[in-house]
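Here the protein sequences line up with chains A, P, C, D and B, keeping their order.
If you read the first sequence in the working numbering, its first letter stands for residue 1, the second for the next number, and so on.
If you read the second sequence in the working numbering, its first letter stands for residue 337, the second for the next number, and so on.
If you read the third sequence in the working numbering, its first letter stands for residue 663, the second for the next number, and so on.
If you read the fourth sequence in the working numbering, its first letter stands for residue 948, the second for the next number, and so on.
If you read the fifth sequence in the working numbering, its first letter stands for residue 1275, the second for the next number, and so on.
Backbone N, C-alpha and C fix where the C-beta goes; we use that ideal spot for every residue, glycine too.
Below is one structure; the comments refer to it alone.
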Amino acid sequence: MRILAYIIKRVLAAIPVLIGVSVLTFIISHAIPGDPARIIVGPKASKEAVETIRREHGLDRPLPVQYVRYMKGLVQGDLGQSIRNHRPVTKDLADFFPATLELTLASLVLCLAVGIPLGILAAVRRNRLADHVARVFSVIGVSTPVFWLGLMLLLLFYRNLGWLPGSGRVDITSSPPAAVTGLYVIDAVLARDWALLREVLSHLILPAFCLSYVYLAVITRIVRSSMIAVLGQDYITTAKANGLSTARVIFKHAFKNSLIPTVTIAGLSLGELLGGAILTETIFAWPGMGKYVVDSINSLDFPAIMGFTLLASTAYVVINLAVDVLYAFLNPRIRY
Amino acid sequence: MSAPLLDIRDLSVSFRTYQGRAHVLDRACLTVNRGEVMGLVGETGCGKSVLSRAVLRIIPSPPGSIDGGEILFEGRDLLTLPRTDMRRLRGERISMIFQEPMNSLNPVFTVGNQMREVVRAHRKASRSEATDACLEMLAAVRLPEPGSVLRAYPHELSGGMRQRVMIAMALICNPSLLLADEPTTALDVTVQGQILAILAELAERQGLSILFVTHDMGVVAQLCNRVAVMYAGQVVEVADVQSIFARPAHPYTRGLIASIPGRSSGGELYAIPGSVPNPIDPPPGCRFHDRCLKATGDCRNVAPEMIRVVPDHSVACHLFNQDGLS
Amino acid sequence: MAAHPIFRELKLTLRILSHNPSAVIGGAVIAAMVLLAVAAPLVAPYDPVKLSLGERLMPPGAAHFFGTDELGRDIFSRVIYGARISLSIGLLVITVAGVTGALIGATSGYFGGKIDNAIMRLMDVILSFPSLILALALAAAMGPSLVNAILATAFVMIPKFARLVRGEALVVREMPYVAASRVAGAGHGFIIRRHILPNCLNSAIVLATLTLGDAILIAASLSFIGLGAQPPTPEWGAMIASGRKFLMDQWWYATFPGLFILATVIGFNIFGDALRDVLDPRIRR
Amino acid sequence: MSGELLRVENLCKAFPLGGGFLEGKKRWLKAVDRVSLHLEKGETLGLVGESGSGKSTVGNLILRLLDADSGSVRFEGVDVTRLKGAELTRARARMQVVFQDPQSSLDPRMTVGNIVSLPLKILGLAKGGELRERAAASLAEVGLGPECLDRYPHEFSGGQRQRIGLARALVADPAFVVMDEPTSALDVSVQAQILNLMGDLQARRGHAYLFISHDLTVVRHVSRRIAVMYLGAIVETAPTEKLFETPGHPYTRALLASVPVPDPAQRRNLARLTGDVPSPVDLPPGCRFHPRCPEAMPCCASVEPPRVELSPGHMAVCHLHNQRNTP
Amino acid sequence: ADKDTLVVAVSSDIHTLDPGVSSDNYDWRQIYPCYDRLVKYKVENGVGLTEVEPMAAESWAVSEDGLKWTFKIRKGIAFDDGTPLNAEAVRFSLDRTMAIGKGPADNISAIASMTALDEYTLEITLKNPYGPFLQTLATDGASIVNPKVAAKAVGDDKAQAFLAENVDGSGPFRIAEWTRGQRCVLEAKENYWGDKPKLKKVIIRFMSESADRRMALEQGDVDIAENILIDQIPALEKNKDVVVNRFPSQMVEYVYVNCQNEKLKNPAVRQALSYAVDYKGIIDHVLQGNGVQMRGPIPDGMWGHRKDVFQYTLDAAKAKELLKSAGAENLELTLIYSERRATWEQIALVMQANLADIGVKLNLELMANPTLRDKIDKGDFELCLGAWSPDFADPYMFMNFWFDSAKQGLPGNRSFYTNEKVDELVRKAETLSDVEERKKLYSEAQDIIMQDAPYIFLYQIQTIVPLRANVQGYVFNPMLESMYNFESISKK
Ligand SMILES: Nc1ncnc2c1ncn2[C@@H]1O[C@H](COP(=O)(O)OP(=O)(O)OP(=O)(O)O)[C@@H](O)[C@H]1O
Ligand SMILES: Nc1ncnc2c1ncn2[C@@H]1O[C@H](COP(=O)(O)OP(=O)(O)OP(=O)(O)O)[C@@H](O)[C@H]1O
Ligand SMILES: [Mg+2]
Ligand SMILES: [Mg+2]
Ligand code: NI
């Protein structure tokens, strides 16, 4: 019950943040010089056509009026129509968001699966060779330009070795699975199409690796440092003094404690992964939000930009909420 | 006399620091007999904790390293024991409790989880057998409602309860030696009284030997049979408790006893001049000489050996010769 | 007169650092980059912006160590001059973000309560934006220029510093020495200036070294999407951006600036990690 | 004596616990509950009690580090609980504090010289070179040489740091110093040095001390009068020797009995009380000590005990005396 | 992929499938094969021409004054639901496009009214005589839509919502699947009235990276890869499985010189700039030879192009002299450009170096496309890089759009050029339908324009289309940039 009240409270607290996000997005996106009406009608159209469109979309109104109108729609779950293609923005988001989400989640899994053991190794063998190797390996990730890595991976595994398929979520000639969740892995499982599942997974490997490598260092570093901090705690000494094996001390006692800061960072990273997927998506022709939003900015598609940022921010808020709840499960000291 | 339970001989421990190597223990000697409570007193940083941790070989390394000496426990040298044997010994034959009951229990697991784990690390026991053992032990340290304590997380317990849990956990495998590193320093006097009473009772009932580390002379006086006084990484005096208070031999011990307030009210307290030497660059000879009012030339150059002044009373000071005369 | 205490501190820090192998390696890389940047005119064999269309896309060789780009410019020279730009970008971004973030965080943490709540919600707003998108939109709105790219990058980094410093400030404001100053009658400004900020400095510096690499990368991504340094300025990110078109056949074009970014970022990261260890007072004592 | 310096009356302070919207009723932690005490010029009053009993909070309220909920603190005739701005600054110039932890009570980023001269600087009592001179003088008084001025706190031992803390407290020549467990982090031998030094300084400069400690033996050594706190309230006040000879409150008696006497000849059962100090959030009705009191009577559970003067200057808050006095 | 499936790797997703809305070649790629139009571009010996021939219209006649056009519509064409394609359907479609009033409407804005004389005869009346009229009927915006879509309208959106995601035409293909961001699948119609498509399926795959498209082409995962960066072509040409085709296109790239700007008002200064650019260097190196220098505003391949018109070439000395005579030494200018085309940055840099040679300091400013467009529209720039391709095959697309002072700003006259004589000439040419007459007027205008140098005419590019070697029957039409004749392509 307490936790429910806590969640409600957190959700309510998120509202001003989201309003802030919407105001900021609105201001910034409208500060980009350019005329969306002109973009709709095309460059060669006459001035009159531009004016008509501007009126039609309410772009001639003062900004605050436009904002209020937008927010009114938002309250009713209407994110407006995309200026570019006249589709409800919600539909566009529903089309593109699952791809990004799938990629992001896959990267997160990869990131944690590699980053946590690496961080533990580095902490346990602190200042020894393994530590240095683990840290350099992970830090190379942060500092490698994503597209360089992405292209090299494609060149190597697709063109030269032929081990993995090229870009995209499925093979060029395959149809995507029937959309249920939009996450192809899950949809393929639901459809019991195992061949397709294999295909989908093999398409995920390279982009997920490429994206996760960037955040690997962050996870490794935080696991390492929190692990080092935890290993210096009295209860670790106690556990050792009580004759528990090293493995138990590290993987049970130290690990759960070091997870506490790790989930926080992992949550934040997931947020960043969501936003950071743009370049990866471009290279791997991944039909996600990245390209959509860049195109939106390029065509001053305000409703689309707003829709995207609000969705991303909401995702961020939701993730953080989830992290906080998880945090409470991990850390019994948390009281609400 | 039978061989002592624990016999620490010439133990030296050092730590690597940024300023240089700190020689934190320098040929320290100490014995603990079966069934006795041995007090270990000394100022902050003199190496009491390091000494007791060295017995369990849980000194963090790096930066610490045991440079020499032997630690004989029931006749076996712990320093040369294989790792797995050492691990088995910990918690089962020798266990330890620490100063901070706050931090000594893992905050993210329930008390029961941690206690059962200790039981099952040392003997084959089903979950319910382990639980029974825990309940019994918690009752023995006079915790009301052991069942709910077992289900509680450490932060839900008060300091005194936590320390009792620690004691229960340390004694659950029925060890023969308990290393207690200032277990009551963080507690209030009224609670400290309870804990000391429990320890005394358990020591008596289970024939337990305790190495009790403290800086509180009052606690020593109330609880211990024998006392070892440490100064700057060395044990400078060992005696039975009466002798230490009544006839302190080492000038440092004398200063220590004299500076306790409240033995008589009002007036100036005796204060030992100067401060503790730096373990990185300790003075030659007797480590106390530059604070000692009676220091002689010998004290500055020659490190004094431990000599027996009277039976059961040894001291490392040049003021005493083999015959125990001052 | 004895050396000023600050210098003694610095000397001790340096001495401790010099015993730390990763600090030495990281420091050496950083020093080498700074040196290259400063001595660029001496080291670079060619004019970094001079076109020579006849020598387009030459592979690395004796005449051009790192080859040439699509306009025949010497990549080696450009990379070296690029160090100037990229390092300054990193430094400027970190300074702007660090100082602003630290001030915001210190104020927020020190006062706590409603002020803290309001400020932190604002930081949440910024944080909850995908940073690249925010920087992109900002840079697009302000117009593409190096200065704007720096400001945009700094803007998205402010919350990182603010959060960190706030966390520290929450701890520091409870310290007895702050209470002692208050007993002596110190006002809020004084306490923030003399106690809170200096005591948050260590972690802010560590974060700064750790994020300097990030800053270079974000600024590079902005250049990469055309919003950062304007041509013909040899900035690493921009070079990589141009070079990516040639990556499949002329690997050297994007790879060399990429390697320099890699080295610099790794250098700062390793150094920052070491600095974190070293500045930890528990270890220092 | 030369007259009253400080009079605290019915001081109350409660801290809100969590609470707020969606979390049910706000709960209050009564840290200090109707505390009254007074202090003569040049005198030392000991304030003892177990941890969490509100000793530090009393000190902080007097120093205006916290604002009192109600009650008054008259310092040199002025009620400091209501002061603001310049007047507050003026009053502050006369009050100082020394904290328990020598490590955290000195700003690690400042040199000792700056730390010690800080009060002068803030209060505008000195400028430029004079700051340094007076800091050096103050350090000399606590037995530290001028070479310390340019060093950092972490270069000193615990005892030395506590001396620096004393030097800072005394540099502006206050009339009154709150000593919040100044020696509880120190070893006995170092504690002796500090206690002696404090006694010295008091004799020379005539400050009054409010000496907060949980260690009865130390308090006994330094104070002329002692107040005993339990769960936010003062349960007994008495001249030192009176308190030790004829403790009036069962809690004081238990406390005295729990102190391990540093004399192996006087061994005794130290477990006089059971359980820990309960939390001051939900205070028991009646006498706040009754759940742990070995001498509790039925009325203790419901009726608040009265304040009884046992002898001049010896006050206890307990039903036992009430009954004895009014049969 | 299978023999009867063609896979095309393209760089950008579709925005809308509505022929009445889209003014984007990338959309037209999918829309065009799904609809029929009254006329289509001729193909001769596998070469696409700019002249038109009958498609849904069997024949047509035009009145003496050029105002009334009568189209006879072919019988037996039907939409998927059986609705016949008749005069009413054509009227409905053209009317719809005009009523929506977006980009495509501009091309057919000459229409004043339409009447169906009988079921298969349509009479179109123009507002004024309009030379290029017939050509405009071959544009995507003139696609004939099933009039039944009116039933799908939501509010008064004229079925825009429906047609944005669906097609309803009588063309040889229909859309079988469109997964946003991934691919669009076209399916051939068995019962198409014209020549049967040889392919069963066309998969259009969206891949935004050139390198990605190239790799997929080399691996044989795709059959055609468009928009491969010029610098990747030489390596691609070495691959035996790939054929790289080059076609002269109608796409030109040029620099807008803002004639209203104080510094650039003087034609001598503009001439100097035109003399300063190293055209050959740009074409040889930046374009790797995939282009030819422009000669006058009208590109080669379009009627009205003059091989003999005056042409600027690199002459730094002359440029300096001109600047001196104009008193414009120490000139500092800013060139703005966007990332729309990969070569622009290089060209900007070359121009920077070129202008430096004549003592002009050129600052470069890269900006986002919407910002750039805004600046162009407002005339808030000095120099700007641009590209232009005609929507229909008529010099009108160049001469009237670029130089008519009424079209200043983004619509066409992006150098804000004003010359009364030129205005008069091009406006006259617009209303005539006689080609020879118009040629003469445009020719005269060109001479004046070249002297006024309102643009720096850079080059006309070659379209490069790399195909797998087994793809046959591909025809390039310069008017159908990025569009494909899927109906006649086959795979060996
Ligand atoms: N991990 C370590 N790294 C470096 N030095 C250490 C470490 N642990 C202990 N030391 C040093 O060893 C010396 C002895 O420490 P120890 O903890 O044994 O003192 P102690 O007598 O237990 O003091 P206290 O009464 O404060 O507990 C100290 O000088 C301390 O600084
Ligand atoms: N700022 C605060 N907010 C909430 N509760 C507080 C605050 N300060 C003190 N308390 C609570 O008030 C009670 C009294 O605290 P105080 O610090 O005065 O005790 P103390 O007697 O000084 O204890 P100690 O001996 O441990 O220093 C404690 O229960 C404490 O938790
Ligand atoms: Mg210790
Ligand atoms: Mg306190
Ligand atoms: Ni104590």
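Check whether the Cβ of P:Ser440 sits closer than 7 Å to any heavy atom of ligand 3, and report yes or no.
No, since every heavy atom of ligand 3 falls outside the 7 Å radius drawn around the Cβ of P:Ser440.
At what residues does the beta strand (DSSP E) containing P:Thr520 begin and finish?
Where P:Thr520 is concerned, there is no enclosing beta strand (DSSP E), given that its DSSP letter is neither H nor E.
Might you give, ordered along the chain, the residues of its own chain that have their beta carbon closer than 8 Å to the beta carbon of A:Leu18, omitting 5 neighbours on each side?
Cβ neighbours of A:Leu18 beyond the five flanking positions: Leu310, Ser313, Thr314 and Val317.
By how many angstroms is the C-alpha of D:Pro1197 removed from the C-alpha of D:Leu1267?
Near 9 Å, if we compare the C-alpha coordinates of D:Pro1197 and D:Leu1267.
Taking B:Ile1556 and B:Val1624 to be in contact with their CB atoms under 8 Å, please state how far apart those CB atoms are, rounded to whole angstroms.
The pair is a contact, with the Cβ atoms about 6 Å apart (cut-off 8 Å).
Note down the Cα distance separating B:Phe1677 from B:Pro1573, rounded to an integer number of angstroms.
C-alpha separation (whole angstroms): 15 Å.
Report yes or no: do three or more beta-carbon pairs, one from the region 1076–1092 of chain D and one from the region 1047–1067 of chain D, lie closer than 8 Å?
Short answer: they touch.
Buried or exposed: which applies to B:Met1671, given that a residue is buried once 16 or more other Cβ atoms fall within 10 Å of its Cβ?
Classification for B:Met1671: buried.
If you measure between the beta carbons of C:Arg740 and A:Phe147, is that distance less than 8 Å?
No; because the gap between Cβ atoms is not below 8 Å, this pair is not in contact.
Taking only runs of the alpha helix (DSSP H) that begin and end inside the region 1609–1655 of chain B, which ones reach a length of at least 4 residues, in chain order?
If we require 4 residues or more, the alpha helix (DSSP H) runs fully inside the region 1609–1655 of chain B come out as 1618–1631 and 1643–1652.
Go ahead and pull the three-state DSSP assignment for P:Cys560.
Correct three-state label for P:Cys560: coil.
Using beta-carbon positions only, say whether B:Tyr1733 and B:Glu1536 come within less than 8 Å of one another.
For B:Tyr1733 and B:Glu1536, no; Cβs fall outside 8 Å.
Going by the C-beta, is D:Glu997 closer than 7 Å to any heavy atom of ligand 4?
The answer is no for D:Glu997.
Could you tell me which residues DSSP puts in a beta bridge with D:Lys960?
Note: D:Lys960 sits in a beta bridge opposite D:Val979.
Sort out for me which residues DSSP pairs D:Phe1158 with in a bridge.
D:Phe1158 is bridged to D:Gly993 and D:Met1126.
Helix, strand or coil for P:Gly400 per DSSP?
If DSSP states are grouped into helix, strand and coil, P:Gly400 belongs with the strands.
For D:His1101, count neighbouring C-beta atoms within 10 Å of its own C-beta (all shown protein chains included) and say buried if the count is 16 or more, exposed if not.
D:His1101 should be labelled exposed.
Between B:Asp1495 and chain C, is any beta-carbon pair separated by less than 8 Å?
No, because no Cβ of chain C sits closer than 8 Å to the Cβ of B:Asp1495.
Assuming the contact rule is C-beta atoms closer than 8 Å, P:Val368 and P:Leu341 should be a hit. Round their C-beta distance to whole Å, please.
Between P:Leu341 and P:Val368 the Cβ distance is about 5 Å, and since that is below 8 Å, they are a contact.
Which residue from B:Asp1665, B:Leu1391 and B:Arg1688 puts its Cα closest to that of B:Glu1656?
Out of B:Asp1665, B:Leu1391 and B:Arg1688, B:Arg1688 has the C-alpha closest to the C-alpha of B:Glu1656.
Residues in the same chain with beta-carbon distance under 8 Å from B:Pro1403, minus the five sequence neighbours each way, listed in chain order, please.
Taken in chain order, the residues that qualify are Asp1339, Gly1340, Leu1341, Thr1705, Leu1706 and Ser1707.
Do D:Ala1015 and D:Cys959 come within 8 Å of each other at the CB atom, strictly closer than that value?
In contact: D:Cys959 and D:Ala1015 (Cβ atoms closer than 8 Å).
Nearest to B:Lys1401 by CA position, among B:Thr1410, B:Ile1382, B:Ile1418 and B:Leu1391, is which residue?
The shortest Cα separation from B:Lys1401 among B:Thr1410, B:Ile1382, B:Ile1418 and B:Leu1391 belongs to B:Ile1382.
Comparing alpha-carbon positions, which option in P:Thr520, P:Val525, P:Cys382 and P:Cys365 lies nearest D:Ala1200?
Contrary to the premise, residue 1200 of chain D reads as Arg rather than Ala in this sequence. Among P:Thr520, P:Val525, P:Cys382 and P:Cys365, the Cα nearest to that of D:Arg1200 is on P:Val525.
Classify C:Asn810 as buried or exposed, calling it buried when 16 or more other Cβ atoms lie within 10 Å of its own Cβ.
It counts as buried.
Okay, do the region 891–899 of chain C and the region 740–750 of chain C touch, 3+ Cβ pairs below 8 Å being the bar?
They touch, by the three-pair rule.
Do you know offhand how far B:Glu1483's Cα is from B:Val1583's?
The alpha-carbon atoms of B:Glu1483 and B:Val1583 are separated by roughly 40 Å.
Taking the beta strand (DSSP E) that B:Leu1391 falls in, what are its first and last residues?
Looking at the DSSP string, the run of the beta strand (DSSP E) that includes B:Leu1391 is Ile1385 to Asp1392.
Taking the beta carbon of A:Ser82 as the centre, do at least 16 other beta carbons fall within 10 Å, making it buried, or is it exposed?
Answer is buried; the Cβ neighbour count reaches 16.
Quick one: list the residues of chain P neighbouring D:Val1059, beta-carbon separation under 8 Å, in chain order.
The premise fails here: D:Val1059 is roughly 16 Å from chain P at the closest Cβ pair, so nothing lies under 8 Å.
Check whether the region 518–533 of chain P touches the region 1214–1225 of chain D, counting contact only when three or more Cβ pairs, one atom from each stretch, lie closer than 8 Å.
Cβ pair count under 8 Å is three or more, so yes.
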